[in-house]
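Chemist: Before we start, here is the structure in question, set down as structure tokens.
Numbering (our numbering), first residue to last: 7 to 455.
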């Protein structure tokens, strides 16, 4: 016997939870399903636990930078204690999230969801019928298709290690590789990053990435570009990672090799063709309202949707809210991703808001570039941070901020100012004239512009 709902949500991360709560508050009968512990990637396997680890590395690094400048360098990371602290955030989270659903009157289901038709799914031997279905299943490490791939450690497994290995190798040169590499290096591990492309962190400004690479190298992290991993040999100590380079094949030894070579929407188990839901490697194919282009019953949000948004927690929350509004009121609001920030939590952090200089030129935009090295500025010198720089793109006609690219202490917080400026359409002159608190990172904006 089936159960009927106004909305079935598949996934309990930020996108799914936001949509479920909004529709339930409007009086809808809502069901929510997850095959994993409730809470999604950010709270359990991503942003939140990662930032706990990064916070410890930041503290250690700051003490080391200020050694001889008023501090004595005795700080070190106690990895087992750090993981125990991390678990104080992650362990209670699934129950807390499910309790929130139940208190709101949302019916919860544990198990793997699979479509039976355009309006129905099966989960844990039950059939659920939905007037609307939201796919918000998030993303998962991409299959690399190489021998020995099973010997790679996932990022969520890395964040739950009882002990940190002495030698760690990261396959891939994106967010996960650089963030965890910076943590592991400051915890005492020897770290190698293997990236198949010519430049790592490809989504970020190349000039700022170059400065971050200098800082990364100074930590002793070995970053190899144009090095494509072709096989992993396990079953012995150490692991042997074979890679193809311009000069031939090279073998790297490590105690652990971490998969950091990209993530893909987690859609494989849903049997989308049965529901006539079109999808690609980038996610469920949706229109501007995040509605499936092939099955109007189905919407998608977060990392599971191919809707033009970045794989970021604020984007997932925004998309969940957007879907809820369009479900409740009809398709009235199209997605607007203007001024979305993205941050790599290295030390120091690297941030971008809006297009890079290259992307802006490809779009035919007419703009001025305001850029410079800010490592000699007070905000960087007072914390002895040698890597600090910026690049701002300012529209020549409107004087609006088109893009902001930042490297340095608290670049992640400073990026929020530019998010606000871009979404509110503030002119560069308005920012330049603002009386920001001094000395703060925001007060540097007047000098940047």
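Every residue, glycine too, gets a C-beta built ideally from N, C-alpha and C.
#1: Please classify residue 56: does DSSP put it in a helix, a strand, or coil?
#2: Does the beta carbon of residue 214 come closer than 8 Å to any beta carbon on chain B?
#3: Does the structure place the region 389-402 close enough to the region 332-339 that three or more beta carbon pairs sit under 8 Å?
#4: Counting C-beta neighbours from all protein chains within 10 Å, is the total for residue 235 16 or more, i.e. buried, or is it exposed?
#5: Cβ of residue 347 versus every heavy atom of the ligand NAD: is any distance shorter than 7 Å?
#6: Compute the distance between the beta-carbons of residue 39 and residue 112, then report whether it is under 8 Å.
#7: So, residue 14 versus residue 199, is the Cβ gap smaller than 8 Å?
#8: Short check: CB of residue 421 to CB of residue 434, under 8 Å?
#9: Using three-state DSSP, classify residue 262 as helix, strand or coil.
#10: Between residue 148 and residue 268, how many whole angstroms is the CB-CB distance? I'm expecting something under 8 Å.
#11: Does residue 83 come out as helix, strand or coil in the three-state DSSP assignment?
#12: Which of the three DSSP states is assigned to residue 160 in this structure?
#13: Along the beta strand (DSSP E) that carries residue 289, what are the first and last residues, could you check?
#14: Any idea if residue 290 is buried or exposed, counting beta-carbon neighbours within 10 angstroms, 16 or more meaning buried?
#15: Classify residue 432 as helix, strand or coil using the three-state DSSP reduction.
#16: Within 10 angstroms of the Cβ of residue 438, are there 16 or more other Cβ atoms? Answer buried if so, exposed if not.
#17: If we require 3 or more residues per run, which beta strand (DSSP E) segments fall completely within the region 168-236?
#18: Would DSSP call residue 286 helix, strand or coil?
#19: For residue 296, which option in 276, 210 and 329 has the closest C-alpha, if you only look at C-alpha atoms?
#20: Measure the CB-CB distance between residue 278 and residue 121 and report whether it falls below 8 Å.
#21: Identify whether residue 374 lies in helix, strand or coil by the three-state DSSP scheme.
#22: Alpha carbon to alpha carbon, how far is residue 358 from residue 180? Give it in angstroms, no decimals.
#23: When you compare the CB positions of residue 117 and residue 272, do they come within less than 8 Å of one another, or not?
#24: Which of the three DSSP states is assigned to residue 253 in this structure?
#25: In the DSSP assignment, find the beta strand (DSSP E) that holds residue 305 and state where it starts and stops.
#26: Spatial neighbours of residue 372 within its chain, please: C-beta separation below 6 Å, excluding the five flanking residues on both sides.
#27: Excluding the 5 residues preceding and the 5 following residue 280 in the sequence, name in chain order all residues of the same chain whose CB lies nearer than 7 Å to its CB.
#28: In whole angstroms, what separates the C-alpha of residue 346 from that of residue 309?
#29: Between the beta-carbon of residue 184 and the beta-carbon of residue 207, is there less than 8 Å?
#30: Pull up the DSSP beta-bridge partners for residue 409, would you.
#31: In whole angstroms, give me the CA-to-CA distance for residue 203 and residue 154.
#32: Hey, how far is the Cα of residue 276 from the Cα of residue 282?
#33: State buried or exposed for residue 79, treating a residue as buried only when at least 16 other CB atoms are found within 10 Å of its CB.
#34: Using 8 Å as the cut-off, can you tell me whether the region 89-100 makes contact with the region 68-75, which would need three or more C-beta pairs spanning the two stretches below that distance?
#35: Out of 108, 77 and 101, which one is the CA nearest neighbour of residue 50?
#36: For the region 313-367, which segments carrying the alpha helix (DSSP H) assignment without a break, of at least 4 residues, lie completely within its bounds, in sequence order?
Modeler: On the basis of the supplied data:
#1: helix
#2: No chain B is present in this structure, which holds just one protein chain.
#3: no
#4: buried
#5: Among the components of this structure there are no ligands whatsoever, and the ligand NAD is therefore not found.
#6: no
#7: no
#8: no
#9: strand
#10: 5 Å
#11: coil
#12: coil
#13: 289-291
#14: buried
#15: coil
#16: exposed
#17: 173-177, 196-200 and 228-230
#18: strand
#19: 329
#20: yes
#21: strand
#22: 14 Å
#23: no
#24: coil
#25: 304-306
#26: 402
#27: 121, 122 and 123
#28: 15 Å
#29: yes
#30: 399
#31: 21 Å
#32: 11 Å
#33: exposed
#34: no
#35: 101
#36: 319-335
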